[in-house]
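*Asks:* The structure that follows is given in the form of structure tokens.
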Amino acid sequence: LMDLYMPLNWFGTYYRAIQKNFVDMENMYDLLREEEEIIDAPGAGPLRITGGGVEFSNVSFGYTPERFVLKNISFKIEPGKTVALVGSSGAGKSTIVRLLFRFYDVTSGSIMIDGQNVKLVQQNSLRKAIGVVPQDTVLFNQTIFYNIEYGKIGASTEEVHEAARSADIHERILNFPDKYETKVGERGLRLSGGEKQRVAIARTILKSPAIVLLDEATSALDTQTERNIQSALARVCANRTTLIIAHRLSTIIHADEILVLKEGSIVERGRHEDLLLKEGLYADMWNQQLKNLEAEKNREISNGSA
Ligand code: ATP
């Protein structure tokens with residue numbers, strides 16, 4: 518019995534985080550594996566990636582049988598394209614992402630990758646095909662090198678440095694006390710939110726998955742950091758099937774499709790311009806964000822002159 522509780526206690530600190538976001542889902546999945554009810558179907562073969570196309574068909578899901586948090590969700594991401602999920606807190610965005618990663622099984626409907634049901638393929642092949650850039654990356658209390666190399670264990674020094682360069686974090690690392698050998702995390706060098714996110718991007722670039730899941734940070738970063746991150750994100754998403762949970766709508770104006778979620782259902786869908794023309798929920802959210810930006814600018818101006 519002790520053995521059963523020990524890992525749960527140890528895991529406890531992360532538990533709240535994972536309920537809310539998919540904080541470092543890939544690592545979490547490894548930690549959880551022992552307790553996980555989701556197991557490979559008998560005779561499951563590896564997922565065979567041909568282009569990385571994703572399709573949700575009539576997916577419904579509830580964490581508990583009494584309450585569905587997703588209702589009849591259908592959408593398709595063609596290989597290499599980008600779909601964005603928007604909607605208020607609790608609308609079901611993270612749940613969609615967790616289901617694609619097969620953190621839970623759907624209650625009804627299906628999720629297919631390149632025509633294969635995620636329920637029927639080996640989980641570790643599924644997790645290999647998907648890279649996650651979480652909002653808030655939990656780093657290991659290990660060297661920065663290890664934290665990036667985790668994306669592809671056994672990668673060469675040159676590969677790790679190259680991934681860090683693509684993620685715009687290489688120069689920063691060279692300024693750390695022991696460069697790539699610097700210990701980071703809770704008990705090491707503390708990184709800023711933007712730096713941690715770039716570590717996650719480097720890790721994902723190194724992993725080079727066909728599909729990328731991206732949870733945009735809610736907390737505002739300064740403009741320069743924001744720009745660096747946007748260009749690093751663009752690099753990690755290029756030519757990869759991308760599903761992004763967007764909080765700032767300005768980052769998804771080029772998405773191939775935007776799904777607007779409300780209480781577990783898709784209430785509007787289309788490209789940015791189409792959705793603005795609809796003058797519905799998306800247009801309201803957009804106008805609200807413009808107003809907030811405006812107010813912020815005015816605050817900055819009045820602070821500056823004071
Ligand atoms: P946010 O923008 O705040 O992250 P979201 O749109 O991602 O919200 P989800 O996290 O998918 O929303 O949550 C959808 C619903 O499912 C919410 O009502 C939430 O309370 C519930 N929920 C989320 N995780 C769990 C869980 N582990 N167990 C039970 N209910 C959950």
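Each number in the UniProt record's numbering comes from the position in the sequence shown (counting from 1) with 517 added on. Here a beta-carbon is modelled for each residue, glycine too, at the ideal position from N, C-alpha and C. Just so you know, these numbers come straight off a predicted model, no measurement behind them.
Is it buried or exposed, Gln-633, if we count other Cβ atoms within 10 angstroms and call 16 or more buried?
*Replies:* Buried.
*Asks:* Mapping the DSSP letters down to three states, classify Ser-725 as helix, strand or coil.
*Replies:* If DSSP states are grouped into helix, strand and coil, Ser-725 belongs with coil.
*Asks:* Check whether the Cβ atoms of Gly-711 and Thr-742 sit closer than 8 Å, and answer yes or no.
*Replies:* Yes, Cβ-Cβ distance for Gly-711 and Thr-742 is below 8 Å.
*Asks:* I want to check one thing, is the minimum distance from the CB of Arg-763 to the heavy atoms of ligand 1 below 7 Å?
*Replies:* Reading off the sequence, residue 763 comes out as Ala, not Arg. Checking the Cβ of Ala-763 against ligand 1 gives no.
*Asks:* Mind checking whether the beta-carbon of Thr-612 lies closer than 7 Å to any heavy atom of ligand 1?
*Replies:* Thr-612 Cβ: within cutoff of ligand 1.
*Asks:* Hey, does Leu-637 have any beta-carbon neighbour from chain C nearer than 8 Å?
*Replies:* Chain labels in this structure do not include chain C; a single protein chain is all it has.
*Asks:* I'd like the list of long-range same chain contacts for Leu-731, defined as Cβ closer than 6 Å, with 5 residues on each side in sequence excluded.
*Replies:* Closer than 6 Å at Cβ, skipping near neighbours: Val-650 and Ile-761.
*Asks:* Quick check on Ile-556: does DSSP put it in helix, strand or coil?
*Replies:* Correct three-state label for Ile-556: coil.
*Asks:* Would DSSP call Arg-816 helix, strand or coil?
*Replies:* DSSP places Arg-816 in helix when its eight states are reduced to three.
*Asks:* Could you give the DSSP three-state label for Lys-808: helix, strand or coil?
*Replies:* In this structure, Lys-808 counts as helix in the three-state DSSP scheme.
*Asks:* I'd like to confirm something about Val-729: is its beta-carbon nearer than 7 Å to some heavy atom of ligand 1, or not?
*Replies:* Checking the Cβ of Val-729 against ligand 1 gives no.
*Asks:* With H, G and I counted as helix, E and B as strand and the rest as coil, what does DSSP make of Ile-590?
*Replies:* Ile-590: strand per DSSP, three-state reduction.
*Asks:* For Ile-783, count neighbouring Cβ atoms within 10 angstroms of its own Cβ and tell me buried if that reaches 16, exposed if not.
*Replies:* Its Cβ being crowded by 16 or more others within 10 Å, Ile-783 is buried.
*Asks:* Note down, in chain order, each residue of its chain lying with its Cβ closer than 7 Å to the Cβ of Ala-558, except the 5 sequence neighbours on either side.
*Replies:* Hits under 7 Å: Lys-636 and Leu-637.
*Asks:* From Leu-691, Lys-645, Ile-647 and Ser-642, pick the residue whose C-alpha is nearest to that of Phe-662; which is it?
*Replies:* Of the candidates Leu-691, Lys-645, Ile-647 and Ser-642, the one whose C-alpha sits nearest the C-alpha of Phe-662 is Leu-691.
*Asks:* Jot down the residue ranges of each uninterrupted alpha helix (DSSP H) in the segment 696–773, minimum 4 residues, whole runs only, in chain order.
*Replies:* Entirely contained in the segment 696–773, the alpha helix (DSSP H) runs reaching 4 residues are, in chain order, 710–724 and 740–754.
*Asks:* CA-CA distance, Leu-723 and Ser-819?
*Replies:* Using only the alpha carbons, I get a separation of about 44 Å.
*Asks:* From the DSSP secondary-structure annotation, give me the bridge partner or partners of residue 488.
*Replies:* In the structure as shown, the chain starts at 518 and stops at 823, and residue 488 therefore has no counterpart that could be examined.
*Asks:* To the nearest angstrom, how far is it from the Cα of Tyr-799 to the Cα of Ser-627?
*Replies:* For Tyr-799 and Ser-627, the distance between alpha carbons rounds to 27 Å.
*Asks:* Tell me whether Glu-572 sits in a helix, a strand or coil according to DSSP, three-state version.
*Replies:* Reduced to three states, the DSSP call for Glu-572 is strand.
*Asks:* With Gly-597 and Arg-757 assumed to form a contact (beta carbons below 8 Å), what rounded beta-carbon distance in angstroms separates them?
*Replies:* 7 Å between Cβ atoms; contact.
*Asks:* Write down the C-beta distance between Leu-617 and Val-623 rounded to the nearest angstrom, noting that I regard them as a contact closer than 8 Å.
*Replies:* Contact flag wrong, Cβ pair sits at about 10 Å.
*Asks:* Please determine if the segment 773–788 and the segment 605–612 are in contact, where contact requires at least 3 C-beta pairs separated by less than 8 Å.
*Replies:* Touching, yes, given that three or more Cβ pairs across the two stretches are closer than 8 Å.
*Asks:* Should Ile-670 be labelled buried (16 or more other beta-carbon atoms within 10 Å of its own) or exposed?
*Replies:* Ile-670 is exposed by the Cβ-count criterion.
*Asks:* Buried or exposed, going by whether 16 or more other CB atoms sit within 10 Å of the CB of Tyr-667?
*Replies:* Tyr-667 is buried by the Cβ-count criterion.
*Asks:* So the beta strand (DSSP E) Ala-646 belongs to, where does it begin and stop?
*Replies:* Premise fails: Ala-646 lies in the alpha helix (DSSP H), 640–646, not in any beta strand (DSSP E).
*Asks:* Cα separation between Glu-676 and Asp-695?
*Replies:* Roughly 19 Å between the two C-alpha positions.
*Asks:* Write down the C-beta distance between Thr-572 and Lys-588 rounded to the nearest angstrom, noting that I regard them as a contact closer than 8 Å.
*Replies:* It is Glu, not Thr, that sits at residue 572 in the sequence shown. 17 Å between Cβ atoms; not a contact.
*Asks:* Please confirm whether any heavy atom of ligand 1 lies closer than 7 Å to the CB of Val-777.
*Replies:* No, the beta carbon of Val-777 sits no closer than 7 Å to any heavy atom of ligand 1.
*Asks:* I need the boundaries of the beta strand (DSSP E) containing Glu-785, first residue and last residue.
*Replies:* Segment 782–787, the beta strand (DSSP E) holding Glu-785.
*Asks:* For Thr-649, is the beta carbon positioned less than 7 Å from some heavy atom of ligand 1?
*Replies:* Note that residue 649 corresponds to Val in the displayed sequence, not to Thr. No; taking the cut-off as 7 Å, the Cβ of Val-649 has no heavy atom of ligand 1 nearer than that.
*Asks:* Quick one: grab the DSSP three-state call for Ile-690.
*Replies:* Helix at Ile-690.
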